[in-house]
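Numbering (my numbering), first residue to last: 24 to 190. Where is the CB? At the ideal position from N, CA and C, for every residue including glycine.
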């Protein structure tokens with residue numbers, strides 16, 4: 024399974040030993056019933072793409088760890104999901120024995136997935152490109168993505184949703 028392989032690679036690269044339950048907590052988070060796009064499908068698609076391009080990363084373990092956590096907390100009615108996900112990532116990394124500098128960079132990488140500023144490092148650029156790769160997906164997959172995002176925001180009136188959508 025791509026996810027288990029990725030998970031193991033992350034912690035080897037970071038010289039960390041996470042709580043064995045952390046994997047299950049993250050998988051459960053991505054499987055929450057209110058999610059339609061920000062799910063294990065999205066994570067798996069991102070991990071699969073990143074695996075092909077890890078050689079572009081300056082710190083591949085940090086990029087891959089950030090990818091795991093970038094949508095770990097996802098509440099469509101809140102505006103601090105990335106901050107909360109980044110905090111969880113940093114706390115998990117530190118608890119696993121990862122160096123503080125590395126844990127801090129993972130936090131910053133997750134924050135880059137807010138998509139409110141241009142990524143400034145190679146690792147941020149790679150992570151953001153992978154996260155947004157759905158925008159260049161084949162038409163059928165892109166159309167599924169659009170439906171999935173709309174389902175996550177079903178509570179938003181259609182005219183408002185369309186006016187705020189950045190795609």
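Rounded to the nearest whole angstrom, the C-alpha separation of residue 140 and residue 119 is 30 Å.
In the DSSP annotation of this structure, the continuous segment of the alpha helix (DSSP H) that includes residue 133 starts and ends at 123-135.
Around the beta-carbon of residue 130, 16 or more other beta-carbon atoms lie within 10 Å, marking it buried.
With contacts defined by Cβ atoms closer than 8 Å, residue 84 and residue 33 form a contacting pair. By the Cβ rule, the segment 157-171 counts as touching the segment 59-68, because three or more pairs are nearer than 8 Å.
Rounded to the nearest whole angstrom, the C-alpha separation of residue 151 and residue 144 is 11 Å.
Ranked by how close their Cα comes to the Cα of residue 146, the residues 79, 55, 56 and 175 have 79 in first place. Counting only unbroken stretches of 4 or more residues, the alpha helix (DSSP H) elements lying wholly within the segment 134-176 are 145-154 and 162-175, in sequence order. Buried is the label assigned to residue 105, since at least 16 other Cβ atoms lie within 10 Å of its Cβ. Taking the CA atoms as reference points, residue 102 sits about 23 Å from residue 149. For residue 113, the enclosing alpha helix (DSSP H) stretches over residues 104-118. For residue 181, the enclosing alpha helix (DSSP H) has its first and last residue at 181-187.
Nearest in C-alpha terms to residue 109, of all of 100, 121 and 132, is 132. Residue 67 is a Cβ neighbour of residue 26, given a cutoff of 8 Å. Comparing alpha-carbon positions, the option among 166, 98 and 160 lying closest to residue 52 turns out to be 98. Here residue 157 has 168 as same chain residues with Cβ atoms under 6 Å from its own Cβ, once five neighbours each way along the sequence are excluded. Between residue 114 and residue 35, the alpha-carbon positions lie close to 17 Å from each other. Taking 8 Å as the upper bound for CB-CB distance, residue 93 and residue 136 are in contact here, some 4 Å apart.
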